[in-house]
Amino acid sequence: MEKIYSEERNACEIWEVSKEKIDFLIAFSQSLRITRFQMFQFETHLN
């Protein structure tokens with residue numbers, strides 16, 4: 004049991020993300036609108 008937990012593992016990778024990509028994702032998430040009606044789901048992008 005000790006052997007399993009004593010190994011050092013790098014489970015997380017650090018990614019470098021540009022400011023443009025972050026701005027795009029924020030703008031995209033703010034413009035996305037999901038409307039549900041009965042059994043249907045509509046996705047629209049508001050500009």
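Just so we're aligned, residue 4 is where the sequence shown starts under our numbering, counting upward by one.
C-beta: ideal position from N, C-alpha, C; glycine also.
Look up residue 37 in the DSSP assignment and say whether it is helix, strand or coil. Residue 37: strand per DSSP, three-state reduction.
Cutoff 6 Å; reference residue 47; Cβ partners in own chain excluding five residues on either side: 36
In this structure, how does DSSP classify residue 19 when only helix, strand and coil are distinguished? coil
Taking C-beta to C-beta, are residue 49 and residue 32 nearer than 8 Å? no
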